[in-house]
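Written out below as structure tokens is the structure these notes cover.
And the structure:
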């Protein structure tokens, strides 16, 4: 253990005896006792050390000595460190050599509430501006696409189509099958009371094609692909790959964002259609397995209930969701700051933004379809 | 606009910067910078860490917009040019970013090929040939099909140089070329830079604080001084070392050994 003994040798000299092992894991010794001695009247004119019984030491001793040195300097007391070993002496000199730079310390106080509110409001406005200019540049890129002038690599597009199409099938299968099963159970409990189990087929079929197929696949893709777009573009920003594209004369909206939006807009309806089928299959499994319906009856009832308009409406919605997910992912990635945690935040906010956008769009569609009578 | 600085020594000005002020929001990083890079120069932008060397480079290649002042390429105003004109001016420019900034989703050959695909009418086979040639120039023959993550940092840097040279630019920008390289690789890169300058007649602008490299290759330089927030000295680096009276520059050029 570290040991400190403080002696007034004569009225003039304060002798600090250091002994034992000084190790950080044993805690820091406080320089408060020395401070008290220094304050006593009459004050000593010199502080000296006795380090004969000092054992092993590390930064804990240095911290103590730096504290003593600071107190001495404050009170104008001479510090006599000659009794310390040369190594310790040098380290102590190093620790106190460079005075703290004025203004170097960070202001840790939180600014007043109104100031923070204002800063947040300005940040929201700035972000809104960025999003608008992103939308503008995407519109220009789309115009270029329609005029067949857009410059992107076809191989990139195919790779992205594979990533957000085929590679997403397993998870879409699992989730939409389960959603079909859940819908069938929910319906079965109610409809069984009237002996109308056969209408489970209507419930599952209409719900999947109208809403759930598009919504579930969109939510999956937001978590899966939207986040990956944001992380990818964010990292490219950190490594200056985006700068390299810009200086090489490539437009980032055309070259990087457009293929991503296109891939997702093209693939989402296919995923949605697939999810519709798998969901209906999930419902049928419950209908046949637990509600004593036959396959023929179930399928017949489903084809009777599901209208083409429902399915097409669902597919259209899913294409819109695809655009929203890809757009949110890309804009968050491009807005990312340049650090590892900023890329993480970009991925998080890409998912949050696309979820919000999907749900809002879903509400708007529900209203529109109701008004238009689709 | 007449260019007064050109007439002096008969050299052709390549990049002219007038009264450039760089700022992030209301924070002014450097102000009133005026200098000229002549054709065939190896022009060094020196300065301590955080003095805005790399930011100046970003301004020169159009990634940041000046708060005030203008940048001219061969007499044409780059700062006020519309995006189309800017792209045309930048076609003569190659940039080696600090970490190489190779496109990580593409092989080395594709990294170089993409530029050729975009700006030339070469056939895919020819593009591969040219890419292999450029990689050979920087000592990476045979690495065409490697991805950037599969090669070392020094090799990435050289591959980045090969990409910067893909379109045979007239001006090459280097951001801290020797950062992260061992002394021997750093010297080889310096030799490569000089070799390119001599054989292709290009102009080189280097952002650096590596003294060995500054003295070895620099034909002209400017010093960005942090305390006064502007350029305090310009001239050939060796000459600056011999004649400067400015204590900060002196201590920079002698690693603080001879204040």
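Residue numbers (the working numbering), protein chains in the order written: chain C, 1 to 374; chain B, 1001 to 1259. Quick reminder that beta carbons are idealized off the backbone N, C-alpha and C, glycines included. This one's a predicted model, so the numbers in the text were calculated from it and none came from an experiment.
In angstroms with no decimal places, state the Cα-to-Cα distance between residue 291(C) and residue 354(C).
38 Å
Report all residues from its chain with a CB closer than 7 Å to the CB of residue 1255(B); omit the five preceding and five following residues, and keep chain order.
Counting only Cβ-Cβ distances below 7 Å, and skipping sequence neighbours, we find 1211.
If you draw a straight line from the alpha carbon of residue 1181(B) to that of residue 1187(B), how long is it in whole angstroms?
9 Å
Determine the chain B residues that contact residue 241(C) at a beta-carbon separation under 8 Å, and present them in chain order.
1101, 1102, 1103 and 1104
Mapping the DSSP letters down to three states, classify residue 1248(B) as helix, strand or coil.
helix
If you draw a straight line from the C-alpha of residue 145(C) to the C-alpha of residue 257(C), how long is it?
12 Å
Is it the case that the CB of residue 97(C) approaches a heavy atom of the ligand ZN more closely than 7 Å?
Within the structure as shown, the ligand ZN is missing, as the structure has no ligands at all.
Using a Cβ cut-off of 8 Å, which residues of the stretch 1080 to 1095 of chain B contact any Cβ in chain C, in chain order?
1087, 1090, 1091, 1093 and 1095
Using the Cα positions of residue 1114(B) and residue 1166(B), report the straight-line distance between them to the nearest angstrom.
9 Å
Where do the ends of the beta strand (DSSP E) carrying residue 53(C) lie?
46 to 57
Between the stretch 1180 to 1199 of chain B and chain C, which residues of the former have CB atoms less than 8 Å from a CB of the latter, in chain order?
none
Applying a beta-carbon distance threshold of less than 9 Å, which residues of chain B neighbour residue 154(C)?
Ordered by position in chain B, no residue passes the 9 Å Cβ test against residue 154(C), which lies about 11 Å from the chain.
Using a 10 Å radius around the Cβ and a threshold of 16 neighbouring Cβ atoms, would you call residue 304(C) buried or exposed?
Residue 304(C) comes out exposed.
Which of the residues in the stretch 238 to 264 of chain C, read from start to end, lie with their CB under 8 Å from any CB of chain B?
239, 240, 241, 243, 244, 245, 246, 247, 248, 249 and 250
Residues in its own chain within less than 6 Å of residue 1039(B) by CB, not counting five upstream and five downstream?
Excluding residues within five positions, the ones whose Cβ falls inside 6 Å are 1012, 1014 and 1203.
Taking Cβ positions only, does residue 1097(B) come closer than 8 Å to chain C?
yes
If I measure Cβ to Cβ from residue 1249(B) and keep anything under 6 Å in the same chain, skipping five residues before and after, which residues do I get?
Hits under 6 Å: 1223 and 1233.
Residue 1144(B) versus chain C: which residues are under 7 Å apart at the beta carbon?
Ordered by position in chain C, no residue passes the 7 Å Cβ test against residue 1144(B), which lies about 16 Å from the chain.
Quick one: Cα of residue 64(C) to Cα of residue 11(C), how far?
A direct Cα-Cα distance of roughly 23 Å separates residue 64(C) from residue 11(C).
For residue 1118(B) and chain C, any beta-carbon pair shorter than 8 Å?
Closer than 8 Å to the CB of residue 1118(B) there is at least one CB belonging to chain C.
Considering only DSSP beta bridges, list what residue 1020(B) is partnered with.
1033(B)
To the nearest angstrom, how far is the alpha carbon of residue 1237(B) from that of residue 1244(B)?
10 Å
Jot down the residue ranges of each uninterrupted alpha helix (DSSP H) in the stretch 225 to 266 of chain C, minimum 4 residues, whole runs only, in chain order.
227 to 238 and 241 to 247
Taking a cut of 9 Å between CB atoms, which residues from the stretch 1208 to 1221 of chain B lie near chain C?
none
Below 8 Å CB to CB, which residues in the same chain sit around residue 373(C) once its five sequence neighbours on both sides are set aside?
Counting only Cβ-Cβ distances below 8 Å, and skipping sequence neighbours, we find nothing.
Between which two residues does the beta strand (DSSP E) containing residue 20(C) stretch?
13 to 22
Does the beta-carbon of residue 350(C) have 16 or more other beta-carbons within 10 angstroms, so that it is buried, or is it exposed?
buried
Out of 203(C), 14(C) and 68(C), state which residue places its alpha-carbon closest to the alpha-carbon of residue 301(C).
203(C)
Where do the ends of the alpha helix (DSSP H) carrying residue 1185(B) lie?
Unbroken alpha helix (DSSP H) run through residue 1185(B): 1183 to 1200.
Would you list the one or two residues that DSSP bridges to residue 1264(B)?
Residue coverage of chain B in this structure runs from 1001 to 1259, which leaves residue 1264(B) outside it and unanswerable.
Under a CB-based cut-off of 8 Å, is residue 1240(B) close to chain C?
no
What distance in whole Å lies between the Cβ atoms of residue 1205(B) and residue 1171(B), which are believed to be in contact at a cut-off of 8 Å?
Confirmed, about 7 Å.
Would you give the residue range spanned by the alpha helix (DSSP H) that residue 303(C) belongs to?
295 to 305
Given residue 1160(B), which residues of its chain have a CB within under 7 Å of its CB, disregarding the five upstream and five downstream residues?
Closer than 7 Å at the Cβ level, and outside the excluded window around residue 1160(B), lie 1096, 1097, 1100, 1101 and 1102.
Does DSSP put residue 1235(B) in a helix, a strand or coil?
strand
Just to check my reading of the structure: residue 83(C) and residue 48(C) have Cβ atoms closer than 8 Å, yes? What is that Cβ distance to the nearest angstrom?
Their Cβ separation, rounded to whole angstroms, is 6 Å, which keeps residue 83(C) and residue 48(C) in contact under 8 Å.
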